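Trainee:
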Amino acid sequence: MPTESAFLFAGLLFLAAALGYLFAWFGERDRDDEPRAAPVSRDYLKGLHYLVDEDADRALEVFARMAESDEDTLEIHFALGSLFRKRGEVDRAIRIHQNVMARPGLDRLQKGQAQLALAEDYLSAGLLDRAEKLYSQLRDYPEFRERALKRLLGILERTQDWEAAIKTHEELARLTDRRDEVGRLAHYYCELAEQALAAADWPRARQLLRKAAAARPRSVRSLLVRADLAREAGDWRDARKLYRRAADEAPWLISEILPRVARLYQDRDDADGFSRWLDRLLAAHPDAGDDVALAVIADEAVAVPEAMAQLSRFIAADPILAMLVDAASLAQRPADERTAALQRIRGALARLRARGVAYRCRNCGYGSLSLQWQCPGCRQWESLRPEFRLGPDAGG
Ligand SMILES: [Zn+2]
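Residues in the sequence shown are numbered consecutively from 748, following the numbering used here.
(1) Let's see if you can read the secondary structure: which residues bound the beta strand (DSSP E) around Y882?
(2) When you compare the stretch 959-970 with the stretch 927-941, are there three or more beta-carbon pairs, one atom per stretch, that lie closer than 8 Å?
(3) Could you check whether the stretch 1022-1036 touches the stretch 1086-1106, counting it as contact only if at least three pairs of C-beta atoms, one from each stretch, sit closer than 8 Å?
(4) Looking at C-alpha atoms only, which residue of A1054, A1031, A1030 is the closest neighbour of V1008?
(5) Name the one or two DSSP bridge partners that G1114 has.
(6) Keeping to the same chain, check which residues put their C-beta closer than 6 Å to that of L971; ignore five residues upstream and five downstream.
(7) For the structure I just gave you, are there three or more beta carbon pairs, one from the stretch 1009-1022 and one from the stretch 983-991, closer than 8 Å?
(8) For G901, is the beta carbon positioned less than 8 Å from some heavy atom of ligand 1?
(9) Within the same chain, show all residues whose beta-carbon is closer than 8 Å to that of S1022, passing over the 5 residues directly before and after it, in chain order.
(10) Quick check on this structure: which residue in Q907, A1097, R1126, S829 has the alpha carbon closest to the alpha carbon of C1111?
(11) Check each residue's C-beta against every heavy atom of ligand 1 and list, in chain order, those closer than 6 Å.
(12) When you compare only the Cα positions, how much space is there between Q862 and A1045?
(13) Can you list, in chain order, the residues of its chain with a C-beta nearer than 7 Å to that of E941? Leave out the 5 residues immediately preceding and following it.
(14) Give the single residue among D1065, R1027, A943, P851 whose Cα lies nearest to the Cα of L821.
(15) Which one or two residues does DSSP pair with R1144 in a beta bridge?
(16) Assuming R898 and D868 make a contact with CB atoms under 8 Å, what is their CB distance in whole Å?
(17) Confirm, please, whether the CB-CB distance from R953 to E918 is below 9 Å.
(18) Have a look at L896, L870, V929 and flag the residue whose alpha-carbon is nearest the alpha-carbon of S1130.
(19) So, for V903: in the same chain, excluding its five sequence neighbours on each side, which residues have a beta-carbon less than 7 Å away from its beta-carbon?
(20) Under a three-way DSSP split, which group does Q1057 fall into?
(21) Which partner residues does Q1121 have in the DSSP bridge list?
(22) State yes or no: is the C-beta of D924 nearer than 8 Å to some heavy atom of ligand 2?
(23) I need the straight-line Cα distance from S1059 to R1107, nearest angstrom please.
(24) Under 9 Å, do A866 and A840 count as touching if we go by C-beta distance?
(25) State yes or no: is the C-beta of A986 within less than 9 Å of the C-beta of A997?
(26) Taking 8 Å as the limit between beta carbons, can you name the residues of its chain near E723, skipping five residues before and five after?
(27) Going by C-alpha distance, which of E979, A1075, L932 is nearest A960?
(28) So R963 is in the alpha helix (DSSP H); what residue range does that whole segment cover?
(29) Starting from Y1075, trace the alpha helix (DSSP H) in both directions and tell me its first and last residue.
(30) Whose CA, out of L922, I823, L874, lies closest to the CA of D838?
(31) Please report how far the alpha carbon of L1068 lies from the alpha carbon of R1100, in whole angstroms.
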């Protein structure tokens, strides 16, 4: 559905095109004794009238007829194509812009404008490869280069072509002096480093992580991948420290980090070591109890008493959960019974969680069961955060 502002924008486009057209019409009449055919301008006014009346269908009908009958009104075609695209009628927009591109005698700028319009149509239609090709060609137009590179970057992120995204990002950075606020470049290097890590190519992973750190020194993601790399490479001391640094840097990642640290200690058969690590973490981050409880629910490896105590507290603090599991009488039971009951509850909550969402985008509300560094809904980076509400996803 087109929004009101899209409609207004399209209306303004038409108004601008109309003024340009009327100006040209009257302007030419001044120079030329032969007046141009008046019906076109009457149609224009009629079309505008419908637009003002918010009768977009009839306005489109009039403008489409004009575009067919008057070969000279290039701007009408652009405005019409753009209006169709904004209304979601991308096929018609594509047809119009393809026709414009096929016209003989276009000057360089008109050709670029038509190419840009067609690229936007393809992007709206989800025809990413076609859009990518056109935006790539538009790099040759200084007028459209920045916009084309930005769109190209968006496409490369969607197709996860990280090598090309790095090159395009560098090209864009040379063109504008705007700072990389969200650390895109570091994310691109981290994506590649994660691939190298999965392929057990540690030297390449290290090299990519150095580049990520150079692009964004405080990138929490590169800290996390560095920790994973240290764990994979058997350097457990470094891994332990790096996980802690990542947790300090971004406490919201604690539910993601804890299962990794639990396994690190589990591999060394050192449950007490994990308890001490967790104690120190909670002393530094007293508000992280819910994150610890979520980690317990998400992964049974996080089962030391300190962690289970956080799960108990989490249940008691949630009115519905507390009622369901009768938290008050659970607290009265002997320790071993309580532990066994908590383990059963943990299993049930894990199944409940698997049916809901574990992360939610702060920008668009997109819900996801796993952590994603770029929101698939709105394409923002680092916008997902843990969701503490359990159960089926009710959206928003
Ligand atoms: Zn989002």
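Note that beta-carbon positions come from the ideal geometry of N, C-alpha and C, so glycine has one too.
These figures come from a predicted structure and were not determined experimentally.
Mentor: Walking through what the data contain:
(1) Run containing Y882: none in the beta strand (DSSP E); it sits in the alpha helix (DSSP H), 875-884.
(2) yes
(3) no
(4) A1054
(5) R1107
(6) A993
(7) yes
(8) no
(9) V1051, P1052, E1053
(10) R1126
(11) C1108, N1110, C1111, Y1113, C1122, G1124, C1125, Q1127, S1130
(12) 49 Å
(13) V972
(14) P851
(15) Outside the displayed span of the chain (748 to 1143) sits residue 1144, for which this structure offers no information.
(16) Not confirmed; about 12 Å, so no contact.
(17) no
(18) V929
(19) Sequence check: residue 903 is Leu here, not Val. Here the set comprises A911, A912, T915.
(20) helix
(21) W1128
(22) As for ligand 2, it is missing from this structure, which binds only ligand 1.
(23) 24 Å
(24) no
(25) no
(26) Nothing about residue 723 can be reported from this structure: the residues present for the chain run from 748 to 1143 only.
(27) L932
(28) Element bounds for R963: n/a, residue is neither H nor E.
(29) For clarity, residue 1075 is Ala in the given sequence; the question names Tyr instead. That run of the alpha helix (DSSP H) goes 1074-1079.
(30) L874
(31) 13 Å
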